[in-house]
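All remarks here apply to the structure that follows.
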Amino acid sequence: MDCKFVSECGSCTLNLPYTEQIEFKKEYIEREFKDFYAGEFEFFASESIYYRSRAEFGIYHNKNQISYSMRGKNQKFVMIDECLKVDSKIAAIMSPLLKYIEKNQNLRDKLFGVEFISTKDELLIVLLYHKDISNLKCEFDTLAQEFKIFVIARSRGKKLISGSENLKERLNILQREYKFILGDGAFIQPNRAVNEKMIGWAKDCVKDSRDMLEMYCGHGNFTIPMADKFSKILATEISKKSIENALKNCKLNGIDNIKFIRLSADELMQAFAGVREFNRLKKINLSEFNFSHILVDPPRVGLETSVINFIKNYENIIYISCNPTTLKENLKELSKSHKVSKFAIFDQFANTTHIECGVLLRSKNEN
Ligand SMILES: C[S@@+](CC[C@H](N)C(=O)[O-])C[C@H]1O[C@@H](n2cnc3c(N)ncnc32)[C@H](O)[C@@H]1O
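Quick note on my numbering: the sequence shown kicks off at -8 and runs consecutively.
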């Protein structure tokens, strides 16, 4: 990457030409997972610059001047005035936004961070303050109007919204467009183009389907584009905000065969085992579902033992993982009952050593 900060900035940790990054990641995954899979590892590449639709920077103050800052490789912070990995809408606004804020003492003082979230059509910035912001609503509204963006300002216990806290996204999955509402305060896949490829891959994994159980479903990123492959879907997730958006996203796309429920993985396991009743499940009869597919996309810690013991009873498991180390640990257990039949690498995090994988597991009891 042709970035002037690459030797100091701690964010992009893989400083190789992009084709070599692909080789590096492919070789690493092939080596780590050779005991589980002998077939072809598909690689879904990213743009090497302007690909991240979510980014957060610190703000460094020097008297009346401010600068964006990132964690450094050797020193604590590095001052930056641009970032090549953020998507082009974020890259274009970074410098003018900083100049605007710098000139306005009310906006500038005690600002310690800025988060950017972009979609194909919209941009939201979240300004983080160490001060009381109650009287500054007008200033944030003017900023939002000036740049034609949405603004959220946060300080301890206070959140001011100028415009909207939700963004509209459009994803193109296997030639069909899906609409999503997403926002600050809940999980969002960071690389939109690779996310589109990842959902398409997961959808292509589905053959001979009945119902699907999806755990860790977020705002329905996989669930909604995959809904037409199934008779019914049960989708669960711990975050209230994500489930609120998932319900809106179902309506937006005219989909009516998904039940979204806010339940942690552990709570769902208790519900299936019949050891605890949940009000949230009052209108749902779990025994009506006949799952042919389980989709899991857990956080970096991977799957809990209770989840592994539950999902290994089903024919097909689609496992999306953002951490090869916990994926490998979980596959040691799952490969006792299942065989890996497809393996994909999604380069969500170009220029870093992070790797996202997709694995399709088929029960050894099925042909
Ligand atoms: C890697 S994200 C995937 C989200 C979604 N599949 C997507 O593509 O946007 C993991 C999700 O798991 C949720 N989560 C974290 N811990 C959980 C738990 N113990 N039980 C259920 N969901 C959890 C997070 O809120 C987050 O939405």
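By construction, the Cβ of each residue, glycine as well, lies at the ideal position given by its N, Cα and C atoms.
Keep in mind it's a predicted model, so treat the numbers as computed, not measured.
Closest option to K122, judged by alpha-carbon separation, among Q180, F103, A193: F103. Using a cutoff of 7 Å, the CB of Y207 counts as near ligand 1, since one of the ligand's heavy atoms is closer than that.
Restricting attention to K94, S125, I246, the CA atom closest to the CA of H52 is found in K94. The region 302 to 309 makes contact with the region 275 to 294, as at least three CB pairs between them are under 8 Å. Contact between N244 and K319 fails: their C-beta atoms lie close to 35 Å from each other, not under 8 Å. Only residues of its own chain outside the window of five on either side were considered, and among them A218, F221, S222, K223, I224 have a CB closer than 8 Å to the CB of N248, listed in chain order. Counting C-beta pairs with one atom in each stretch, the region 14 to 33 and the region 104 to 111 have fewer than three that are closer than 8 Å, which means they do not touch. For T343 and G265, the gap between their C-alpha atoms comes out near 43 Å.
A distance below 6 Å between beta-carbons, with the five flanking residues on each side excluded, links Q56 to no residue of its chain. Between N236 and G154, the CB-CB gap reaches or exceeds 8 Å. If you draw a straight line from the Cα of K(-5) to the Cα of S79, it is about 17 Å long. According to DSSP, K223 shares a beta bridge with D202. At a cut-off of 7 Å, the beta-carbon of Q66 does not count as near ligand 1: no heavy atom of the ligand is closer than that. Pairing L119 with K16, the inter-Cα distance amounts to about 35 Å. Not one heavy atom of ligand 1 sits closer than 7 Å to the Cβ of N314.
DSSP places Y169 in the uninterrupted beta strand (DSSP E) bounded by 167 to 174. Spatial neighbours of V(-3) in its own chain (CB-CB distance under 7 Å, excluding positions within 5 residues in sequence) are listed in chain order as C3, N6.
Shown here, Q96 sits in a helix according to DSSP, grouped into three states. With a threshold of 16 other beta carbon atoms within 10 Å, C129 falls short and is exposed. For ligand 1, a non-hydrogen atom lies closer than 7 Å to the CB of I229. In this structure F269 is not in contact with L204, their Cβ atoms being roughly 16 Å apart against a cut-off of 8 Å. Beta-bridge partners of G148 (DSSP): none assigned. Taking the Cβ atoms as the reference, E73 lies roughly 7 Å from A82, within the contact range of under 8 Å. Residue state for E137 is assigned as helix, using DSSP reduced to three classes.
Rounded to whole angstroms, the separation of the alpha carbons of K274 and Q261 is 17 Å.
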